[in-house]
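Residue numbers (our numbering): 125 to 448. Ideal Cβ positions, reconstructed from N, Cα and C, are used throughout, including at glycine. What you are looking at is a predicted structure, and each value in this text was computed from that prediction instead of being measured. Step one of this worksheet: look at the structure below.
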């Protein structure tokens, strides 16, 4: 559908046939690395309830939130200013707080022994009734949407539609509710809602409220990505750029508060299995375009990148993350 008049990123209509949608995905991924995903099939009622529950969780007393402080498996609460995404430009941490919820994995299972895997820490039911039930339903819906997008990515590259599926049998996925404070950003003084960064993984599916703030770095300047009711904002991560040998783009983005309003957003990070091998796809390598990245695994890549984000925080140095 081309570029939207009010935004710098294209729209992909998921209600059309896969071949047509894959063409739009290719243009978006090889260009800005961001797109709106419209007609995705996630009920608006579920989205509205997730945001309601999320606001209630952030409204819990500080002691209740701190009792959920993110553990070594990246499950739980991250306090205000805990993350600094762009240390060279930031005078202090991001003006936001957040939670991490992942795929529920028993600590006693073999999978539970892997880094970034384990049981979640949930808000107490008496403080936020129904939170776990709602978030679990949303989590499952987003994971299914992520698998649909993987099919389009594969088709866009001329690969079989299920090419990526074997790498996502036990995906590392994280739902990341975020609450940005009303503090107005001051980039010149190093104050950001979220400092400039690219996401580390495969795909990010972002739901946001009506308050603007997300900006992407395109053509040498920062451009606003306006909220589009009923659509997710999808962006690619460093892992997918690596997998495609730089053909698809993981684009710098940040959050700037210009409104003086609070902002709520829920990124969903959709990553492969911890042990999935990530190496440049043969279809993206040629004599003119040799492989620019050595092989790695999804887990090794994410652990190395996550450790940089939280290394300076004294309360809990074991959590790792990314945000929008």
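For residue i, name the three-state secondary structure that DSSP assigns.
| i | result |
| --- | --- |
| residue 332 | strand |
| residue 262 | helix |
| residue 187 | helix |
| residue 220 | strand |
| residue 358 | strand |
| residue 314 | coil |
| residue 134 | strand |
| residue 395 | strand |
| residue 206 | coil |
| residue 199 | coil |
| residue 143 | helix |
| residue 150 | helix |
| residue 373 | coil |
| residue 345 | strand |
| residue 429 | helix |
| residue 192 | coil |
| residue 326 | coil |
| residue 297 | strand |
| residue 213 | coil |
| residue 270 | helix |
| residue 256 | helix |
| residue 416 | coil |
| residue 248 | coil |
| residue 236 | helix |
In whole angstroms, give me the CA-to-CA distance for residue i and residue j.
| i | j | result |
| --- | --- | --- |
| residue 304 | residue 212 | 21 Å |
| residue 208 | residue 340 | 18 Å |
| residue 383 | residue 321 | 22 Å |
| residue 337 | residue 171 | 19 Å |
| residue 343 | residue 377 | 13 Å |
| residue 446 | residue 324 | Below a pLDDT of 50, predicted positions are generally treated as unreliable, and residue 446, at 46, falls in that range; the measurement from the model is reported next regardless. Residue 446 and residue 324: Cα-Cα distance of roughly 8 Å. |
| residue 243 | residue 230 | 6 Å |
| residue 176 | residue 246 | 16 Å |
| residue 224 | residue 149 | 28 Å |
| residue 288 | residue 295 | 11 Å |
| residue 275 | residue 313 | 43 Å |
| residue 421 | residue 364 | 12 Å |
| residue 250 | residue 362 | 39 Å |
| residue 202 | residue 259 | 18 Å |
| residue 164 | residue 143 | 16 Å |
| residue 268 | residue 369 | 26 Å |
| residue 132 | residue 219 | 25 Å |
| residue 409 | residue 145 | 24 Å |
| residue 140 | residue 161 | 12 Å |
| residue 353 | residue 264 | 21 Å |
| residue 228 | residue 236 | 9 Å |
| residue 442 | residue 411 | Note that residue 442 scores a pLDDT of 31, beneath 50, so its modelled location is shaky; the value from the coordinates is reported in the next line. Looking at the two C-alpha atoms, the distance is approximately 42 Å. |
| residue 204 | residue 284 | 44 Å |
| residue 404 | residue 178 | 38 Å |
| residue 326 | residue 167 | 24 Å |
| residue 430 | residue 397 | 16 Å |
| residue 147 | residue 193 | 43 Å |
| residue 494 | residue 248 | This structure cannot speak to residue 494, because the chain is shown only from 125 to 448. |
Rank the options by C-alpha distance to the C-alpha of residue i and give the top, closest one.
| i | options | result |
| --- | --- | --- |
| residue 152 | 417, 409, 402 and 357 | 357 |
| residue 332 | 391, 299, 215 and 409 | 391 |
| residue 200 | 361, 301 and 403 | 301 |
| residue 380 | 310, 418, 408 and 367 | 310 |
| residue 316 | 180, 215 and 167 | 215 |
| residue 355 | 144, 370, 239 and 334 | 334 |
| residue 394 | 167, 282, 418 and 360 | 360 |
| residue 226 | 319, 273, 235 and 240 | 240 |
| residue 425 | 412, 389, 366 and 406 | 366 |
| residue 386 | 182, 166 and 134 | 182 |
| residue 427 | 282, 418, 196 and 279 | 196 |
| residue 174 | 416, 319 and 257 | 257 |
| residue 389 | 351, 396 and 419 | 351 |
| residue 136 | 318, 273, 184 and 415 | 273 |
| residue 155 | 371, 407 and 415 | 371 |
Buried or exposed for residue i, please, with buried defined as at least 16 other CB atoms from any protein chain shown within 10 angstroms of its CB.
| i | result |
| --- | --- |
| residue 127 | Residue placement at residue 127 cannot be trusted, given a pLDDT of 35 that sits under 50; what the coordinates show is reported in the next sentence. With fewer than 16 Cβ atoms within 10 Å of its Cβ, residue 127 is classed as exposed. |
| residue 71 | An answer regarding residue 71 cannot be provided, because it is not within the stretch 125 to 448 covered by the chain. |
| residue 329 | buried |
| residue 157 | buried |
| residue 374 | buried |
| residue 298 | buried |
| residue 401 | exposed |
| residue 293 | exposed |
| residue 169 | exposed |
| residue 138 | buried |
| residue 217 | buried |
| residue 233 | exposed |
Where DSSP assigns a beta bridge to residue i, which residues make up the other side?
| i | result |
| --- | --- |
| residue 389 | 302 and 332 |
| residue 242 | 228 |
| residue 367 | Per DSSP, none; premise fails for residue 367. |
| residue 160 | 135 and 357 |
| residue 378 | 339 |
| residue 321 | 377 |
| residue 401 | 421 |
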